[in-house]
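First residue of the sequence shown: 413, per our numbering; consecutive thereafter.
For each residue, glycine too, the CB sits at the ideal point set by N, CA and C.
Predicted, not measured: the structure shown is a model, and the values here were computed from it.
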Amino acid sequence: MLKARSSGIAGKLAVSASGKNYVTVEVQAGQNSSIGAAIKMSQIRNRLWQQYQNAAQSVWELPPAGQSFEEAVQAPPVSPLDQQRRNRTVLVHGYKDEASVFSPLASYLSDLGLEPHAVTLAPSDCSVPLETLAQQLADFIDRSFISYQKLDFVAFSLGGIVARYYIQRMGGLARTSRLLTVAAPHHGTLMAFASRLPAAVQLRPNSEFLRDLNADADSLASIPFVSIWSPFDLMILPPHSSRMPVATDIAVWTLRHQALITSQRGMRTIAEQLLAEGQSLPDPTFHDMAGRLPLARRTTGEGFELQRQN
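(1) Return the Cβ separation of Y507 and S536 in integer angstroms, given the expectation that the two are a contact with Cβ distance under 8 Å.
(2) Quick one: what does DSSP say R655 is sitting in, helix, strand or coil?
(3) So the candidates are R500, L591, F514 and M647; which of them puts its Cα closest to the Cα of M656?
(4) Under a three-way DSSP split, which group does L646 fall into?
(5) Using the C-alpha atoms, what's the distance from H505 back to Q614?
(6) In whole angstroms, what separates the C-alpha of P410 from that of V594?
(7) Classify I558: buried if its beta carbon has 16 or more other beta carbons within 10 angstroms, exposed otherwise.
(8) So, helix, strand or coil for V513, using DSSP?
(9) In terms of DSSP beta bridges, what is V566 paired with?
(10) Report yes if the C-beta distance between A546 and A530 is below 8 Å; otherwise report no.
(11) Work out the CA separation of Q580 and D628 for me, nearest whole Å.
(12) From this set, A683, G572, Q676 and S607, which residue's C-alpha is nearest A659's C-alpha?
(13) Nearest-angstrom Cα distance between S634 and L563?
(14) Report buried or exposed for Y520, applying the criterion of at least 16 other Cβ atoms within 10 angstroms of its Cβ.
(15) Where does F557 fall in DSSP's three states?
(16) Taking DSSP as the reference, what is the three-state secondary structure of S607?
(17) Going by C-alpha distance, which of S654, A575 and N499 is nearest T532?
(18) Between the beta-carbon of S539 and the beta-carbon of P636, is there less than 8 Å?
(19) Have a look at the DSSP bridge pairing and note the partners of T660.
(20) By Cβ distance, which residues of its chain are closer than 7 Å to P541, with the 5 residues on each side in sequence left out?
(21) Grab the span of the beta strand (DSSP E) containing A534 for me, first residue to last.
(22) Please list the terminal residues of the continuous alpha helix (DSSP H) segment that includes T674.
(23) Which first and last residues belong to the alpha helix (DSSP H) in which A627 is found?
(24) Use the C-beta contact count for D700: other C-beta atoms within 10 angstroms, 16 or more gives buried, fewer gives exposed.
(25) Alpha carbons only, please: which of F605, V638 and T674 is nearest the one belonging to L649?
(26) Could you tell me whether any Cβ in chain D is nearer than 8 Å to the Cβ of K508?
(27) By how many angstroms is the C-alpha of S654 removed from the C-alpha of F621?
(28) With burial defined as no fewer than 16 other Cβ atoms inside 10 Å of the residue's Cβ, what is the status of W665: buried or exposed?
(29) When the Cα atoms are used, what is the spatial distance from M679 to A586?
(30) In the DSSP output, which residue or residues are listed as bridge partners for E527?
(31) For T681, which three-state DSSP category applies?
(32) Compute the beta-carbon to beta-carbon distance between S639 and A596, rounded to the nearest angstrom, for a pair I have assumed lies under 8 Å.
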């Protein structure tokens, strides 16, 4: 269970493990009561929830039984795909993210012989319309790839709607080989009602923007279109908003929204759909899972790019 303990007016917030089964949150009295009063219980709840999510997710990412940590961090041997028949994969991030969120996934896909290219769309905090971000995506594609290059898209959360707008409204369908949306609010999310920013209004259920985009979603039937989602997603409410009649829907049982692109089963599901050759794939290792920091620090590299739009 989760346990919170208060000791007067809040001046300092401390979160610590207490025992094996719960987290203790202690709010200590401070000399300045005005500072203490400014700390709201919502902050405590958010911290507790994050602690629970991290603890729960870590259980899913332990090394396989009988395997040492040293063995787990070794990248598995894989056979790279033939250069002529592999498509470039464009990774499109979501709300308040940037290209580095894909570092674990990009590491895994690169080991499998794919060529991921992640783009940072800014600002991604819903302060600009989705059409603006779609134009940034179009500019990145025009600058990074030759005109006849076929592309696969892996688009996460808000990025799934941005990618769809590019494909359906900006001529991107002609150069799209495959579209994978991951936890995308195709029919909106109730979370969007928490903000009045332009993109948040567009992402509300039954918004004019989504009604218009979904009106001709059948155009996506001409390409392999897969929607990956989780029944436990607390950012896309209701979670089945990620399902699309024109898409192949795949439910992945993860506990967090972002785990769909960072957990082992999430990354493996994405890779299986990109390869779509029925071959057996190795699980992502700790080498991939821990790849976030080194990959986020490097700005360019073979098979992976971090690019920021100005």
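Once the coordinates are examined:
(1) 6 Å
(2) coil
(3) L591
(4) coil
(5) 17 Å
(6) This structure leaves residue 410 out entirely; the chain is present only between 413 and 722.
(7) exposed
(8) helix
(9) L503 and L592
(10) no
(11) 8 Å
(12) G572
(13) 14 Å
(14) buried
(15) coil
(16) coil
(17) A575
(18) no
(19) V638
(20) P610, A611 and Q614
(21) No beta strand (DSSP E) contains A534, which DSSP labels as neither H nor E.
(22) A671 to T674
(23) E620 to A627
(24) Low confidence applies to D700: its pLDDT is 49, below 50, so where it sits in the model is not reliable, and the reading given next is rough at best. Buried: at least 16 other Cβ atoms inside 10 Å.
(25) F605
(26) Of the protein chains in this structure there is only one, and it is not chain D.
(27) 16 Å
(28) exposed
(29) 27 Å
(30) R500
(31) helix
(32) 7 Å
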